[in-house]
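Heads up, the sequence shown is in my numbering, so the first residue is 4 and it goes up one at a time. A virtual CB, placed ideally from N, CA and C, is assigned to each residue, including glycine.
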Amino acid sequence: MHVLNELAARLSGAASLLLLLGLFILLRFIVLYVGRLLWETTRRVYNRLSKGGIWERTEGFLDELRQRYPRFMGFLDARFTPRRFSGLPLTLLFLAAAYIAGLSLELLDEVLEANEIVVMDQAVNQALAAWRSPTAVLVFTWITNLGSTETLTAVSIVSTGFLFAHRRVVYVLPLWLCIAGSQLTTWAGKYAIAKPRPEFLVGVEAFSPSFPSAHATGAAAVYGFIAYILIRDLTNSTRRFEIGYWTAVLVLLVTFSRVFLSVHFLSDVTAGLIVGGFWLLVGVATAELLARREHGSSK
């Protein structure tokens, strides 16, 4: 009877994992379809606005402002031109990083002062208890190792070797900036806040404080930046999507594994993704500036 129960538990865990994989595949088609639909809608709206003469009227109004306020409008033109990375792309990255930093501070304030976060963390942890079969725990233990400091360091060293071999040295510094910045921020936050972890499962352990999750932070920063390097020079939009989507799935699986294995609360991994996303944006901005500077000096 014990053998049958164990077999049933393993089959249930395997079925759950297959269901999860199926959901990710289904979600891929949904995201791809919605993305194409939004792109087509945006293109049609742009064409209609162009035919209506809105851009010409707007440009005339801006020209008048440029004559009245040349310095101020020159500054805005430099910040919002799409022709240079130091213009609109860098401005958008800066705004996104500032927004992410604001979210991180707001979440930190909630964790330190609000009981609602604690109640939600406990509820999510308890809800996952019924799904923690031996097979599922084993699989997510393997997945969570993909976000460990040792694995991320090894991935980064190997990536650095490939970058040197393919003469893309300009991305080495931003890559290690992502790693160093995300890890320093995370570990400083852990010991400054000293939030206790949830009750561990049998055979699962961790020794540092809980908030934020270093696995979630590192996975978002390192795997995200590597995906950016791979995507940057691709011209095929489908390949770009595939790399971006499955990298996001990997990061989310590593993040979810921390909550599933009861070594982190939901708020811990949420903060980790926010911190990792911030340093990913910093790394991308740094890489683009260095790449443009190198391209300019080679002319």
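With contact counted as at least three CB pairs below 8 Å, one residue from each stretch, are the stretch 152-166 and the stretch 243-254 in contact?
-> No: fewer than three Cβ pairs fall under 8 Å.
Sequence-distant residues of its chain with Cβ nearer than 6 Å to Ile232 (five each side left out) = Excluding positions up to five away in sequence, the list reads Tyr174.
Where Thr250 falls: helix, strand or coil (DSSP) = Look at Thr250 here: in three-state DSSP terms it is helix.
For Asn239, three-class secondary structure by DSSP | DSSP, reduced to helix, strand and coil, places Asn239 outside both helices and strands of the structure shown, so it counts as coil.
With DSSP run on the structure shown, which of helix, strand or coil describes Tyr226?
-> Here Tyr226 carries a helix assignment [DSSP, helix/strand/coil].
Tell me, to the nearest whole angstrom, how far the beta carbon of Ser159 is from that of Val225; I am working on the premise that it is less than 8 Å.
-> So it is a contact: roughly 6 Å between Cβ atoms.
Lys193 versus Ile229 - alpha carbon distance | Distance between the alpha carbons of Lys193 and Ile229: 26 Å.
With burial defined as no fewer than 16 other Cβ atoms inside 10 Å of the residue's Cβ, what is the status of Ser211: buried or exposed?
-> Classification for Ser211: exposed.
Smallest Cα separation from Arg39: which of Ser240, Glu291, Leu269, Val262?
-> Taking only the C-alpha atoms, the option nearest Arg39 is Ser240.
For my contact list, Thr220 and Thr189 are in at a C-beta cut-off of 8 Å; report their separation, rounded to the angstrom.
-> Contact between Thr220 and Thr189 holds, since their C-beta atoms are separated by about 5 Å, short of 8 Å.
Any idea what DSSP makes of Ala126, helix, strand or coil?
-> It is helical.
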